[in-house]
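Below: the structure, in structure tokens.
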Amino acid sequence: MRTSLMVLAVGLSLSLAAQAQQIFRSTDAQGNVVFTDNPEQGGEEVELTPLTVVPSRGEVRAESQPRVQSGASVTSSPGQPFMPYDSFRLLSPSHEQGIPVGQGGNVQVELGIEPELREDHRVRLLVDGQVSQSEMHTTVFMVANMNPGEHVLQAELLDATGEVRHRTSPVTIYVQRANVNRPSSSG
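Numbering (mature numbering (1 follows the signal peptide of the UniProt record, and there is no 0)), first residue to last: -20 to -1, 1 to 167.
Shown next, in the form of structure tokens:
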């Protein structure tokens, strides 16, 4: 009992001492504003307002947080919850973009992911609905020697267990290739 009263008395005296602090504002010879707790240096007293305290987002109750999927637990690795990305999209090439003849059917695909891709997450690229590039920890893919014509690109974001968590909107591109017309051999 005595210890708790002692702790209470010390805590109360410290809080009163903190509230009793006075701050004074003055200007030195070079014109700089100086704040001090020493009233002997002159200056005017500054009225201190209470600090604004904003609770962190970590204090939000678990029931009020949005769920990524309904049903079973959503985790990307043991002990770490899957955190959804704010943005997962194809930046380049743009929708309905033509890929010029000079690129020879080679297309660089760039993804925009916000926040940055986590260490344990991977991305894979689909061309015309088929996996073109296996899952990798990257935001840039190179697709080589694409056939001329229309193609649909899409990317999938996979968590640590290999489950698809996000999918970009499909982007249609048109690959242009040079055709060499040879005269028929009429012999």
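The beta carbon of each residue, even a glycine, is placed where N, CA and C say it ideally should be.
- Unbroken beta strand (DSSP E) runs of length 3 or more, entirely within the stretch 112 to 137: which are they? 120 to 123
Cutting at 7 Å between CB atoms, please list the residues of its own chain near Ala158, excluding the five before and the five after it. The count along the sequence shown starts at 1 and reaches residue 158 at position 178. So the list reads Val81, once near-sequence residues are dropped.
Discussion item. In the DSSP output, which residue or residues are listed as bridge partners for Leu71?
Written reply: As a working mapping, residue 71 is identified with position 91 in the sequence shown. Answer is none; Leu71 lacks a bridge partner.
_For the beta strand (DSSP E) containing Tyr154, name the first residue and the last one._
For this step, residue 154 is matched to residue 174 along the sequence shown. Per DSSP, Tyr154 belongs to the beta strand (DSSP E) from Val151 to Val155.
Cβ neighbours of Phe4 in the same chain (closer than 8 Å, five flanking residues each side left out):
Working through the sequence shown from its first residue, we reach residue 4 at position 24. Same-chain partners within the cutoff: Phe15, Thr16, Asp17, Asn18, Pro19, Gln21, Gly22, Gly23, Glu24, Glu25 and Val26.
Beta-carbon within less than 6 Å of Ser57's beta-carbon, same chain only, minus the 5 sequence neighbours each way: which residues are those?
Numbered from its first residue, the sequence shown carries residue 57 at position 77. With a pLDDT of 44 at Ser57, under the threshold of 50, the modelled position of this residue cannot be trusted, and the question is left open.
Helix or strand or just coil, what does DSSP make of Gly22? Along the sequence shown, one-based indexing puts residue 22 at 42. The answer is coil: DSSP assigns Gly22 none of H, G, I, E or B.
* To do: Quick one: using the 10 Å Cβ neighbour count with 16 as the cut-off for buried, is Ala135 buried or exposed?
  => Here residue 135 is taken as the residue at index 155 of the sequence shown, counted from 1. So Ala135 ends up on the buried side.
My output table needs one value for Thr148: the three-state DSSP class, helix, strand or coil. Taking the sequence shown and counting its residues from 1, one reaches residue 148 at position 168. Three-state DSSP puts Thr148 in coil, outside helix and strand.
Whether His94 touches Asp66 by CB criterion (7 Å) = The residue you call residue 94 lines up with position 114 of the sequence shown. The residue you call residue 66 lines up with position 86 of the sequence shown. Reading off the sequence shown, one finds Glu at residue 94, where the question assumed His. For Glu94 and Asp66, yes; Cβs fall inside 7 Å.
ask   = For Leu105, which residues does DSSP report across the bridge?
value = In the sequence shown, counting from the first residue as 1, residue 105 sits at position 125. When beta bridges are read from the DSSP output, Leu105 appears opposite Gln113 and Ala135.
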